[in-house]
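Have a look at the structure below before the remarks.
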Amino acid sequence: MMENETKTIEIKDLDFYYGDFQALENVTFDIPENKVTALIGPSGCGKSTFLRTINRMNDLIDGTRVDGDVIVEGDDIYKDEIDVVELRKEVGMVFQEPNPFPKSIYDNIAYGPRAHGITDTEKLDEIVENSLKHAALWDEVDDRLDQSAIGISGGQQQRLCIARALAVDPDILLMDEPTSALDPVATAKIEDLIDDLKEEYTIVIVTHSMQQAARISDYTAFFLMGEVIEHGPTQKIFEKPENQKTEDYITGRFG
Amino acid sequence: MHWKTKEKVVENVLFIFALSSIIFLTGIVIVLFREGLPIFGKVGILEFIFGPEWYPTYDPPGYGILPLIMGSFVVSVGAMILSVPFGVASAIFISYILPKNLKKVVKPVVELLAGVPSVVYGLFGMKILGPFIAKVFGLPTGLTGLTAAIMLGIMALPTIISIAEDAITSVPKSFRDASLALGATRWETIRNVIVPTASSGIVTGIILGMGRAIGETMTVLMVAGGAAIIPEMPSLAKPLAPLLDPLRPMTSTIAAEMGETAVGSPHYHSLFGIAIILFVITLFFNIIADVLSQRFKEKVSGE
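Keeping their order, the protein sequence lines are chains H and L. Using our numbering, the first residue of the first sequence is number 1, and each one after it goes up by one. Using our numbering, the first residue of the second sequence is number 1001, and each one after it goes up by one.
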C-alpha cells in the first residue's frame, strides 16, 4: 500500500519489555516520509511506549529491554554504535504536557542549537525567529522573547515546545498526545500547524482522540494490548477497517 | 462528654501549647536584648562591633568584638569554600546518578550525619585533624581556624546535601526529558537545566548550612584555638594565612567566658551583646533562605 512512499522509519518484529512485562509484541510496520502517522488505541495499549522507542527515550527507564529492529533513515538505532545524541537531533519530540524550561522564550528555542555547538548570536537569532515562525508563534511573542516561557498560555507553551524541537532541525517529529492538555481553540491551532509541518517533516503522533486522528493523519496504526492490530491509510482504517477489533474501537464499542 | 465539647477541649489545649512556645521564644528574645543592650549604651554600638580589641578582663577593658566577628566570618567562609562544591556535587550525584535503590540507603545515612553530636566532631578535630594540620603546615599548634573550618565544613555537608538534593529531585522530570529529547547530553542537561532550575533551592541549602556553621559552638570551642586576634589578611603568597592562626569565633567566646563573669558586669552584658549580633546574623540568613526557597517554588510551579 505504500509502494510509492519513501519509508523513513521501518519497524520489524519489535518487542519491548518493562522488566517482566511485555509492553510491545511483534510490532512491524513502516512510517512514510513527510506524512502524518497517527497511533491510536486505548490507554495502556503501548502506543506511547512505541513512540518513545523511536528516539530511545525509554532508555531512561531502568529495566527496559528491546528486541527487534527500529530503522530510522536506514540506521538500526538499537545498534551499539548509534549515538543517541545524534539520533535525537534527527528525531524531535513534543510531550503531552507543555514543558518549556523556566527560561526566556529565546533561551528555550536556542537551547537545542546551543547544545549542538552553535554559539554565533546572529545564527541563533535567525534560528529562533525561523523556528517560532514555523510553529506559528512568532507574531504572538516577537516583542517579548526575553520574557519567561512559563508566563505564556498553555497553547502557546505547546507551540513553543514544537518550535524548540524544530530549532535543532530534525527530520522526524514525535508527538505524544500534544493537545490533551489544551482547550479546543489551542488544539485547533496545533492541528493546523501539524498540517503545515508535514510538508517538511515526518510526523508520528499519539492521540487519544479518534476525531483528531481522522482529521490530521494520513496513516493510522491501531494498537491493542501491545500489538498493532491494523495499520493503513487513515481513511481506510476509519471507513473500512479489516479487523473486527479495529471497527469495535473506532465505533466506540470499547476503549 | 459530648463530642463537640471534646473537640473544643482538644482545640484549646493545642492552642495553649502553641501559644506558650511563642511566648517562650519571645521571652528569650526579650531577655537577650535586655541583658545585651546596656553594653551598646556603655561603649557605643559601632565601637562594640568594630572595636579591634577584646580584652574584657583587662584594665582598662576592651569590648571590641571585631576579632570575634572576623573569627566567625573566616571560619564560616572557609567551611563554605570546602563544603559547597562537595555538597552540591554530592547532591547532583545522589539525585541523578546513583541508582534508586542505593539512593534509599545513601540519603538517610547522609542525613544521619547531621545527628552526630558536635562534641564528637570536636574530639576528632582536636585529636586527629589538628595534629595532622600542625604537621603539614609546620605550625606550633593544630588548633587553628583551618581545623575549625574543615570540621564545620563537614558538619554543614548533611544540611547542604539534603536540601540541595531535595531541590534537584523536585525539578520536574519533564524538564530533563525535554532537554534529553533535544539531543543534549546528560551532563549538559544537569548543568544547563537541572542546576539552574534548582539554584534557589541549592542556595537555600548553602545558606542554612552556613547558618549552622556560624552558630556552631562546641566544635569551634574545641578546635579553633581560642585566640581573640584579628586574622591576618590573605595574600597571593599566603592565601591560607587567615586560617592558620588560632581564632576565636563569637559562639565559643560566649561559651568559654560566660561562666567567669559577674552577673550585671559590663563583661556579662557584652557577652549578651555578642549573642544579639549572632542572633541578628542567623535570623538574616534564615530570612534569606526562606525568601529563596519561596522563589524556588514559584519558579518550578510557574506561578
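Glycine included, C-beta positions come from ideal geometry on N, C-alpha and C.
Interface annotation for the region 99–121 of chain H against chain L: Asn99, Phe101, Pro102, Tyr111, Gly112, Ala115, His116, criterion Cβ-Cβ distance under 7 Å. Looking at the DSSP output, threonine 37 of chain H shares a beta bridge with H/Val204, H/Tyr219. Interface flag for arginine 164 of chain H against chain L is set, since a Cβ pair is found closer than 8 Å. Distance check between glutamate 177 of chain H and each of H/Arg88, H/Glu129, H/Thr49, H/Val228 places H/Thr49 closest, using alpha-carbon atoms only. Annotation note: the region 25–92 of chain H contains the following uninterrupted beta strand (DSSP E) runs of length 3 or greater, listed N- to C-terminal: 36–40, 64–72. No Cβ-Cβ contact shorter than 8 Å links alanine 1227 of chain L with proline 1196 of chain L. In the same chain as leucine 1113 of chain L, and ignoring 5 residues on each side of it, the C-beta atoms closer than 6 Å to its own belong to Pro1158, in chain order. Cβ contact annotation for isoleucine 1150 of chain L (same chain, cutoff 7 Å, sequence separation greater than five): Leu1082, Leu1129, in chain order. Residue-level contact check: glutamate 97 of chain H touches chain L, since one or more beta carbons of chain L fall below 8 Å from its beta carbon. Across the structure, aspartate 59 of chain H and phenylalanine 16 of chain H are spaced so that their CA atoms are roughly 11 Å apart. Ranking H/Ser217, H/Val168, H/Glu73 by CA distance to the CA of isoleucine 205 of chain H puts H/Ser217 first. The beta carbon of isoleucine 1161 of chain L sits closer than 6 Å to the beta carbons of Gly1087, Ser1090, Ala1091, Val1110 from its chain, once the five residues preceding and following it are set aside; these are given in chain order.
Listed by position along chain L, the residues whose Cβ is nearer than 7 Å to that of valine 85 of chain H are Gly1183, Thr1185.
Between the alpha carbons of valine 1074 of chain L and phenylalanine 1017 of chain L lies a gap of roughly 40 Å. Three or more beta-carbon pairs separated by less than 8 Å are not found between the region 100–110 of chain H and the region 36–53 of chain H, which leaves the two stretches without contact.
The region 1234–1249 of chain L and the region 1217–1224 of chain L touch, with three or more beta-carbon pairs separated by less than 8 Å.
Contact between the region 1037–1050 of chain L and the region 1264–1280 of chain L is established, with three or more Cβ pairs separated by less than 8 Å. The criterion of a C-beta distance shorter than 8 Å is satisfied by alanine 1156 of chain L and alanine 1213 of chain L. For phenylalanine 16 of chain H, the uninterrupted beta strand (DSSP E) segment begins and ends at 7–18.
Listed in chain order, the non-local C-beta contacts of histidine 134 of chain H below 7 Å within the same chain comprise Ala163, Leu166, local neighbours out to five positions each way being set aside. With respect to chain H, the C-beta atom of serine 1174 of chain L has a partner C-beta closer than 8 Å.
One finds nothing in chain H with a Cβ atom closer than 8 Å to the Cβ of valine 1077 of chain L; even the nearest lies about 30 Å away. Secondary structure remark: continuous beta strand (DSSP E) runs of at least 3 residues inside the region 87–158 of chain H, in chain order: 91–94.
Annotation for methionine 175 of chain H: the continuous beta strand (DSSP E) segment containing it runs 172–176.
With a 10 Å radius around the Cβ and a threshold of 16 neighbouring Cβ atoms, glutamate 1257 of chain L comes out buried.
A direct Cα-to-Cα measurement between glutamine 235 of chain H and glutamine 212 of chain H gives close to 13 Å. For the options L/Gly1071, L/Leu1221, L/Ile1168, L/Ala1134, the alpha carbon positioned closest to that of valine 1119 of chain L is the one of L/Leu1221.
By the Cβ criterion, the region 1280–1287 of chain L is not in contact with the region 1183–1190 of chain L, since fewer than three pairs of Cβ atoms, one from each stretch, lie closer than 8 Å. Under the 8 Å Cβ criterion, the region 1131–1138 of chain L does not count as touching the region 1056–1076 of chain L, having fewer than three qualifying pairs. Inter-residue distance for serine 1020 of chain L and proline 1231 of chain L is about 43 Å (C-alpha atoms, whole angstroms). At least 8 Å separates the beta-carbon of arginine 114 of chain H from that of valine 84 of chain H. Contacts with chain L at 8 Å (Cβ-Cβ) do not include asparagine 130 of chain H. Considering only beta carbons, the part of the region 44–58 of chain H lying closer than 7 Å to chain L consists of Asn55, Met57, in chain order. With its beta carbon at least 8 Å from every one in chain H, threonine 1169 of chain L lies outside the interface. With 16 or more neighbouring CB atoms inside 10 Å of its own CB, threonine 220 of chain H falls in the buried class. Residue range 1145–1169 is occupied by the alpha helix (DSSP H) that includes glycine 1145 of chain L.
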